[in-house]
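J.: My questions all concern the structure below.
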Amino acid sequence: MIPYSRQSISEQDIAAVVEVLRSDYLSQGETVPQFEAAVSRYCGSEYAIATSNATAALHAACLALGVGNNSIVWVAATSFVASANCARYCGATVNFIDTSPDNGLLCLQALEKKLQFAKENNCLPDVLVVVHLAGQSCDMKSISALCQPHRIAIIEDASHALGGSYEGRAVGACTYSDCAIFSFHPVKPITCGEGGMIVTNNVEMCKRARLLCNHGIVRNENDFVNRKEGAWYYEQQVLGFNFRLSDIQAALGLSQLQTLDQNRNMRDQQAKEYDRLFADTALKPATRASHAKSAWHLYPLVFPDNSLRNLAFENLRAKNYGVNIHYAPIPSQPYYRQLGFKPEDFPGSLAWGRRELSLPLHAFVTKAMQEEVFSLCTQMVDA
Ligand SMILES: *Cc1c(COP(=O)(O)O)cnc(C)c1O
């Protein structure tokens with residue numbers, strides 16, 4: 007199977023992991039802070055907190071922003087379910103914002119309209135989770151301008167977007183948000199096997215997130231509530247979790263970071279080749295804005311209708327191409343329907359989910375494969 011995305015592991019990556027395996031610390035050693043510093047440096051954020059996965063990072067970020075039972079969290083309707091589940095873990099009320107049928111990114115008009123309604127009805131959200139789908143940054147400046155008057159915190163779910171940029175700055179610089187989250191699952195731009203990271207410029211947010219990811223335990227004497235009783239002494243001050251990344255995983259991530267740009271440039275070339283192939287067809291690549299450079303996690307192709315998309319999906323799968331759909335709207339999931347959501351209320355997201363197909367985009371994809379993918383897609387349209 008040629009998947010839509012997969013990891014590329016170099017001999018250098020393997021050597022880096024083996025080195026940690028031979029060292030004294032497999033967890034809570036030096037490699038995790040090194041990885042945090044390297045990601046921070048790469049994306050231009052002040053702070054970074056490594057986590058066991060991006061779902062844990064989203065959960066900890068919500069808690070660090072004070073999300074609880076009485077909170078309202080809005081989420082872009084086109085994403086992986088974890089973007090919304092994080093708010094539910096905190097007991098918050100979730101609502102969704104429609105996304106563009108042309109690129110799956112948060113629809114500014116829908117956000118503006120919903121904010122107006124919420125203001126009039128006194129139900130403004132506390133937090134907004136935006137998603138940089140496929141690796142393309144949302145229009146953060148405009149989103150921030152709409153949220154700022156209402157003091158709504160912004161989490162960027164940048165699980166797809168490490169290596170992408172917005173207005174010439176790396177995604178993760180958090181210029182227009184409270185924090186951004188990265189995923190290091192094997193399909194994402196770099197991998198730790200499993201892993202995640204919170205990046206932020208807010209020192210308080212960083213402190214709270216770090217505390218929550220380490221059982222709520224503090225070991226620094228200056229932070230103690232009570233008197234230190236001995237060198238062994240520590241305090242659990244809040245109910246936290248074990249959301250730590252191991253040093254084995256961090257070693258892989260740190261090594262992967264060195265080839266991130268090179269791999270993104272390679273996918274950028276593949277994307278250009280798909281662009282060229284599909285240029286004069288009824289199948290359209292996701293629209294792009296000039297303010298963003300994609301990390302090219304995915305190459306989403308938009309079909310004229312649902313049945314043509316489904317035919318192409320079956321056709322490609324039959325030839326061993328592991329194409330996939332990113333995503334059906336979160337409100338269409340049984341869990342969210344049970345909470346009262348109807349996907350019909352998010353027509354842009356619904357249209358995207360019915361017409362989108364993510365084509366193979368990674369180091370193992372050859373030009374010949376791209377041509378075969380093209381003919382398997384277009385064959386259906388011409389039929
Ligand atoms: C992959 C992904 C997540 C979850 O990442 P994990 O590291 O697997 O927990 C969250 N949001 C989006 C948009 C994702 O693609």
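Going by my numbering, the sequence shown opens with residue 7, and the numbers climb by one from there.
Think of the CB as a built atom: it goes at the ideal place given N, C-alpha and C, for glycine as much as any other residue.
#1: Please go through the same chain and pick out, in chain order, the residues whose beta-carbon is closer than 7 Å to the beta-carbon of I196, but skip the five residues on each side of it.
#2: Output yes or no for whether 8 Å exceeds the beta carbon distance between V205 and S89.
#3: Quick one: is the Cβ of F249 within less than 7 Å of any heavy atom of ligand 1?
#4: Tell me whether V137 counts as near ligand 1, meaning its Cβ is closer than 7 Å to at least one heavy atom of that ligand.
#5: Let me know the beta strand (DSSP E) ranges lying completely inside the region 113-140, each 3 residues or longer, listed in chain order.
#6: Within 8 Å, do at least three Cβ pairs link the region 338-357 to the region 282-301?
#7: Would you call the region 206-226 and the region 247-257 in contact, with 3 or more CB pairs under 8 Å?
#8: Of the choices P335, W358 and R360, whose alpha-carbon is the least far from that of P349?
#9: Please say whether G178 and A164 have beta carbons closer to each other than 8 Å?
#10: Sorry if obvious, but does the Cβ on T61 come closer than 7 Å to a heavy atom of ligand 1?
#11: Could you spell out where the beta strand (DSSP E) holding P306 opens and where it closes?
#12: Give me the Cα-Cα distance between S150 and S183, rounded to the nearest whole angstrom.
#13: Report the rounded CA-to-CA distance for C92 versus A62, giving the unit in angstroms.
#14: Would you call N226 buried or exposed, if buried means 16 or more other Cβ atoms sit within 10 Å of its Cβ?
#15: Quick check: does the Cβ of F86 come within less than 7 Å of any heavy atom belonging to ligand 1?
#16: Does DSSP put P453 in a helix, a strand or coil?
#17: Can G202 be considered in contact with ligand 1, in the sense that its beta carbon sits closer than 7 Å to one or more heavy atoms?
#18: Identify, in the order they occur along the chain, each residue of the same chain with its Cβ nearer than 7 Å to the Cβ of F352, setting aside the five sequence neighbours on each side.
T.: Working from what's here:
#1: The count along the sequence shown starts at 1 and reaches residue 196 at position 190. Excluding residues within five positions, the ones whose Cβ falls inside 7 Å are L168, F190, G259, Q262, L263 and L266.
#2: Your numbering for residue 205 matches position 199 in the sequence shown. Your numbering for residue 89 matches position 83 in the sequence shown. Not in contact: V205 and S89 (Cβ atoms no closer than 8 Å).
#3: Residue 249 sits at position 243 when you count from the first residue of the sequence shown. No, ligand 1 has no heavy atom inside 7 Å of this Cβ.
#4: For this step, residue 137 is matched to residue 131 along the sequence shown. Because some heavy atom of ligand 1 lies under 7 Å away, the Cβ of V137 counts as near it: yes.
#5: Runs found: 133-137.
#6: no
#7: yes
#8: Looking up residue 349 in the sequence shown gives position 343. The residue with the shortest Cα to Cα distance from P349 is P335.
#9: Position 158 of the sequence shown, counted from the start, is the residue given in the question as residue 164. Position 172 of the sequence shown, counted from the start, is the residue given in the question as residue 178. Yes. Within cutoff.
#10: Here residue 61 is taken as the residue at index 55 of the sequence shown, counted from 1. Yes, the beta carbon of T61 sits closer than 7 Å to at least one heavy atom of ligand 1.
#11: By one-based count along the sequence shown, residue 306 stands at place 300. Segment Y305 to V308, the beta strand (DSSP E) holding P306.
#12: To locate residue 150, count along the sequence shown from 1; it is residue 144. To locate residue 183, count along the sequence shown from 1; it is residue 177. S150 and S183: Cα-Cα distance of roughly 7 Å.
#13: Translated into the one-based positions of the sequence shown, residue 92 becomes position 86. Translated into the one-based positions of the sequence shown, residue 62 becomes position 56. About 8 Å.
#14: Counting from 1 along the sequence shown, the entry for residue 226 is found at position 220. With fewer than 16 other Cβ atoms within 10 Å, it is exposed.
#15: As a working mapping, residue 86 is identified with position 80 in the sequence shown. Yes - ligand 1 has a heavy atom lying nearer than 7 Å to the Cβ of F86.
#16: No answer is possible for residue 453: it lies beyond the span of the chain, which begins at 7 and ends at 389.
#17: Position 196 of the sequence shown, counting from 1, holds the residue named residue 202. Checking the Cβ of G202 against ligand 1 gives yes.
#18: Taking the first residue of the sequence shown as 1, we reach residue 352 at position 346. Same-chain partners within the cutoff: A83, F102, D104, P335 and P337.
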